[in-house]
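Chemist: Can you keep this structure in mind? I'll have questions shortly.
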Amino acid sequence: MRFRRTSGTLNFMFLDVRMEGVALTPDQAKALDDEFFLSKPLSHFSSRIVMLMNAAGDTAAPSPADQPDFFRALGLSSSETVLAFREEERQLDVAVDALALRHQAAEALTRFLYTVAAATPRSGDAPCTWLALADSPMRLDDVVAANKNAIEADPSKFLELLFPYGATIDDTALAAAQTAIAWVNHAALLLTSDELSINAAYNKVKHGLAIRTRGDVRIELITRAPDELGQIPLSSFGEGKSIPIFDRPMLTYLSRSKNAKPKQGLEAVSLRVEVPVVLAETWMMANVYAALFHVAARKHYGHPLPDGVASFPTLVVGRLPEHVIGGSPLGYRTPVTSPPDGITEARPSGLFFHGRFVPMRVDLDSKVEGIVTDG
Numbered sequence: 026m027r028f029r030r031t032s033g034t035l036n037f038m039f040l041d042v043r044m045e046g047v048a049l050t051p052d053q054a055k056a057l058d059d060e061f062f063l064s065k066p067l068s069h070f071s072s073r074i075v076m077l078m079n080a081a082g083d084t085a086a087p088s089p090a091d092q093p094d095f096f097r098a099l100g101l102s103s104s105e106t107v108l109a110f111r112e113e114e115r116q117l118d119v120a121v122d123a124l125a126l127r128h129q130a131a132e133a134l135t136r137f138l139y140t141v142a143a144a145t146p147r148s149g150d151a152p153c154t155w156l157a158l159a160d161s162p163m164r165l166d167d168v169v170a171a172n173k174n175a176i177e178a179d180p181s182k183f184l185e186l187l188f189p190y191g192a193t194i195d196d197t198a199l200a201a202a203q204t205a206i207a208w209v210n211h212a213a214l215l216l217t218s219d220e221l222s223i224n225a226a227y228n229k230v231k232h233g234l235a236i237r238t239r240g241d242v243r244i245e246l247i248t249r250a251p252d253e254l255g256q257i258p259l260s261s262f263g264e265g266k267s268i269p270i271f272d273r274p275m276l277t278y279l280s281r282s283k284n285a286k287p288k289q290g291l292e293a294v295s296l297r298v299e300v301p302v303v304l305a306e307t308w309m310m311a312n313v314y315a316a317l318f319h320v321a322a323r324k325h326y327g328h329p330l331p332d333g334v335a336s337f338p339t340l341v342v343g344r345l346p347e348h349v350i351g352g353s354p355l356g357y358r359t360p361v362t363s364p365p366d367g368i369t370e371a372r373p374s375g376l377f378f379h380g381r382f383v384p385m386r387v388d389l390d391s392k393v394e395g396i397v398t399d400g
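This is how it looks when you write it as structure tokens:
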């Protein structure tokens, strides 16, 4: 049921789609897409981004006076132990939620591009964008492959999907399209890359919270070893003296490569989560998604557009993934068990940066303890 307020009057409307048979009819498809294209995807992601930004700085748990309905539902009048948490725990949860939101944006963009570029209706069904999106392949590898094939088969297709009919395609527009394609590719990388297995991280968060988050770990490469007393002067750290690797919230999970041949064993992966950067990646992908969505809405409704259709967003020109992410490490991978065939070598341990891998093995047998001191 939909609730719409117009000029002070509250109208109640059911989704007007009646069952008519085994296949979707043109009238049903139109009714479904009439409703679907009133969604506002960029507003959804922008709102979530702001919520996470605000949550990162808000450390006070709500009281019964702040949220009376919540505590009334629990049958409680005190919040002393119900919503207790420490400030550092909130920061870790914001990092986890930021990663999940980035993944949602990547999948939303990728699946919607599939819907408008590659999908075909099931036999007998009338074309329907909402249904095509809902019926998109379960395997993300299949979605990404279909997108790639569709765009490569017709290089002009992406321009038609990204810009409204009649738009002037000048050098600025072409640069905006190149930027958008870069973020489409970035979304595909996040969803399907088997090296750092970021998609696995999202699944570990979503299915059972099989992760470990830390905010108290700092890993930094230094050239000066502890002295005989185990002391490391503070002057050993800083630009040009040491290289920070993990200095932000860290999310660690266990994963098995799905594509490596021969098969690999169990691996442990730690992601470095720079929340503002992750949220910026999210917005960039959502912005491209919103442009594709608006153009598809125009094709559905024709002219004029009904009230409530989200406007065409301002496309970003030249801000590529490598500019947003920069040169900081993305994560570290190390084998936990050997490959199952007993012959294949495990994939090397190392650090991942945007577009490159740096092998690095941590020698745990030679570890020493030290204390950072003034000096």
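Positions in the sequence shown are counted from 1; adding 25 to them yields the working numbering. Here a beta-carbon is modelled for each residue, glycine too, at the ideal position from N, C-alpha and C.
#1: Just the C-alpha distance for valine 334 and proline 152, rounded to the nearest angstrom, thanks.
#2: Using only alpha-carbon positions, find the residue among Val169, Ser68 and Ala130 that is nearest to alanine 213.
#3: Between the alpha carbons of isoleucine 74 and leucine 199, how many angstroms are there, rounded?
#4: What is the C-beta distance between alanine 54 and glycine 149, in whole angstroms, given that I count them as a contact (C-beta under 8 Å)?
#5: Can you give me the C-alpha to C-alpha distance between histidine 325 and phenylalanine 70, rounded to a whole angstrom?
#6: Have a look at Ser391, Asn174, Lys182 and Ala133 and flag the residue whose alpha-carbon is nearest the alpha-carbon of leucine 158.
#7: Closest to isoleucine 270 by CA distance: which of Gln256, Ala285 and Val298 is it?
#8: How would you call leucine 138, buried or exposed, if buried means at least 16 neighbouring beta carbons within 10 angstroms?
#9: Going by DSSP, what residues sit across from methionine 275 in a beta bridge?
#10: Could you please give me the residues that DSSP links to proline 338 through a beta bridge?
#11: On a Cα-Cα basis, can you pick out the residue from Leu124, Ser363, Met309 and Gly327 that is closest to asparagine 210?
#12: Would you tell me roughly how many angstroms separate the C-alpha atoms of valine 387 and isoleucine 244, rounded to the nearest one?
#13: Pairing CB atoms from the region 344-352 with CB atoms from the region 370-380, are three or more of them under 8 Å?
#14: How should methionine 275 be labelled, buried or exposed, when 16 other C-beta atoms within 10 angstroms of its C-beta is the threshold for buried?
#15: Under three-state DSSP, which class holds phenylalanine 378?
#16: Measure from the alpha carbon of threonine 248 to the alpha carbon of each residue in Arg239, Val242 and Gly265, then state which is nearest.
#17: Based on DSSP bridge pairs, tell me the residues matched to valine 383.
#18: What residue range is occupied by the uninterrupted beta strand (DSSP E) comprising isoleucine 244?
#19: If you drop the 5 nearest sequence neighbours on each side, which residues of the same chain put their C-beta closer than 7 Å to that of serine 102?
#20: Output needed for aspartate 390: all residues of its chain with C-beta closer than 7 Å, excluding positions within five of it in sequence on either side, in chain order.
#21: To the nearest angstrom, how far is the alpha carbon of tryptophan 155 from that of alanine 123?
#22: Here's a check: name, in chain order, each residue in its chain whose Cβ is nearer than 8 Å to the Cβ of alanine 322, leaving out the five neighbours to either side.
#23: Contact check, glutamate 423 vs glycine 255 under 8 Å by CB: the rounded distance?
#24: What number of angstroms, rounded off, separates the C-alpha of glutamate 253 from the C-alpha of serine 267?
#25: Rounded to the nearest angstrom, what separates leucine 40 and proline 66 at their Cα positions?
#26: What is the DSSP secondary structure of isoleucine 350, reduced to helix, strand or coil?
#27: Which term fits alanine 250, buried or exposed, when burial requires 16 or more other beta carbons within 10 angstroms of its beta carbon?
#28: What do you get for serine 32, buried or exposed, if any count of 16 or more other CB atoms within 10 angstroms of its CB means buried?
#29: Name the one or two DSSP bridge partners that leucine 291 has.
#30: Check whether the Cβ atoms of arginine 22 and proline 360 sit closer than 8 Å, and answer yes or no.
#31: Taking DSSP as the reference, what is the three-state secondary structure of threonine 398?
#32: With distances taken between CB atoms, is the gap from arginine 127 to valine 303 smaller than 8 Å?
#33: Does the beta-carbon distance from aspartate 483 to asparagine 284 come in below 8 Å?
#34: Find the nearest neighbour of aspartate 332 within the set Asp59, Asn79 and Leu291, judged by alpha-carbon distance.
#35: Taking its Cβ as the centre, do 16 or more other Cβ atoms sit within 10 Å of arginine 27, making it buried, or is it exposed?
Modeler: So, from the data block:
#1: Taking the sequence shown and counting its residues from 1, one reaches residue 334 at position 309. Taking the sequence shown and counting its residues from 1, one reaches residue 152 at position 127. Approximately 20 Å, taken between the alpha carbons.
#2: Counted from its first residue, the sequence shown places residue 213 at position 188. Here the closest residue by C-alpha is Val169.
#3: As a working note, residue 74 is residue 49 in the sequence shown. As a working note, residue 199 is residue 174 in the sequence shown. Going by the C-alpha atoms only, they are around 28 Å apart.
#4: By 1-based counting over the sequence shown, the position of residue 54 is 29. By 1-based counting over the sequence shown, the position of residue 149 is 124. Not quite, the Cβ-Cβ distance comes to about 12 Å (not below 8 Å), so this is no contact.
#5: For the purposes of this step, residue 325 is identified with residue 300 of the sequence shown, where counting begins at 1. For the purposes of this step, residue 70 is identified with residue 45 of the sequence shown, where counting begins at 1. Using only the alpha carbons, I get a separation of about 23 Å.
#6: Here residue 158 corresponds to residue number 133 of the sequence shown, with the count starting at 1. Of the candidates Ser391, Asn174, Lys182 and Ala133, the residue whose Cα lies closest to the Cα of leucine 158 is Ala133.
#7: Taking the sequence shown and counting its residues from 1, the one referred to as residue 270 is at position 245. Considering only alpha carbons, the answer is Val298.
#8: Residue mapping note: residue 138 aligns to position 113 of the sequence shown, counting from 1. Its Cβ being crowded by 16 or more others within 10 Å, leucine 138 is buried.
#9: Along the sequence shown, one-based indexing puts residue 275 at 250. Answer is Arg239 and Arg297, bridged to methionine 275.
#10: Against the sequence shown, residue 338 aligns to sequence position 313. Paired residue(s): none; proline 338 is not in a bridge.
#11: Along the sequence shown, read from residue 1 onward, the residue named residue 210 stands at position 185. For asparagine 210, the nearest C-alpha among the options comes from Met309.
#12: Start at 1 with the first residue of the sequence shown, and residue 387 comes out as number 362. Start at 1 with the first residue of the sequence shown, and residue 244 comes out as number 219. One C-alpha to the other measures close to 11 Å.
#13: yes
#14: Looking up residue 275 in the sequence shown gives position 250. Classification for methionine 275: buried.
#15: Taking the first residue of the sequence shown as position 1, residue 378 is located at position 353. Strand.
#16: Counting from 1 along the sequence shown, the entry for residue 248 is found at position 223. The option with the nearest alpha carbon to threonine 248 is Gly265.
#17: If you number the sequence shown from 1, residue 383 lands on position 358. Answer is Leu376, bridged to valine 383.
#18: Within the sequence shown, the letter at position 219 stands for residue 244. From DSSP, the beta strand (DSSP E) with isoleucine 244 extends over 244-247.
#19: Numbered from 1 along the sequence shown, position 77 holds the residue referred to as residue 102. Cβ within range, chain order: Pro89 and Phe96.
#20: Residue 390 sits at position 365 when you count from the first residue of the sequence shown. Within the same chain, aspartate 390 has no close Cβ partners at all.
#21: Numbered from its first residue, the sequence shown carries residue 155 at position 130. Numbered from its first residue, the sequence shown carries residue 123 at position 98. Cα to Cα, tryptophan 155 sits roughly 26 Å from alanine 123.
#22: If you number the sequence shown from 1, residue 322 lands on position 297. Around alanine 322: Phe62, Leu330, Val334 and Ala335.
#23: Absent from the model: residue 423. The displayed extent of the chain is 26 to 400, so no value can be given.
#24: Position 228 of the sequence shown holds residue 253. Position 242 of the sequence shown holds residue 267. Glutamate 253 and serine 267: Cα-Cα distance of roughly 20 Å.
#25: For this step, residue 40 is matched to residue 15 along the sequence shown. For this step, residue 66 is matched to residue 41 along the sequence shown. Distance between the alpha carbons of leucine 40 and proline 66: 20 Å.
#26: Here residue 350 corresponds to residue number 325 of the sequence shown, with the count starting at 1. Three-state result, isoleucine 350: helix.
#27: For the purposes of this step, residue 250 is identified with residue 225 of the sequence shown, where counting begins at 1. By the 10 Å Cβ count, alanine 250 comes out exposed.
#28: As a first step, residue 32 must be located in the sequence shown, where it is residue number 7. Reliability of the predicted coordinates at serine 32 is poor, the pLDDT of 48 falling under 50, and the value obtained from them is presented with this limitation in mind. Classification for serine 32: exposed.
#29: On the sequence shown, residue 291 is found 266 positions in, with the first residue counted as 1. Bridge partners of leucine 291: Arg281.
#30: Nothing about residue 22 can be reported from this structure: the residues present for the chain run from 26 to 400 only.
#31: Against the sequence shown, residue 398 aligns to sequence position 373. Strand.
#32: Start at 1 with the first residue of the sequence shown, and residue 127 comes out as number 102. Start at 1 with the first residue of the sequence shown, and residue 303 comes out as number 278. It is a contact, given that the beta carbons lie within the stated cut-off.
#33: Summary: the structure shown does not reach residue 483, with the chain confined to residues 26 through 400, and so no result is reported for it.
#34: Walking along the sequence shown from the start, residue 332 turns up at place 307. Comparing Cα positions, the closest option is Asp59.
#35: For the purposes of this step, residue 27 is taken as residue 2 along the sequence shown, with counting starting at 1. Note that arginine 27 scores a pLDDT of 47, beneath 50, so its modelled location is shaky; the value from the coordinates is reported in the next line. Counting C-beta atoms within 10 angstroms of its own C-beta, arginine 27 has fewer than 16 neighbours from the protein chains shown and is therefore classed as exposed.
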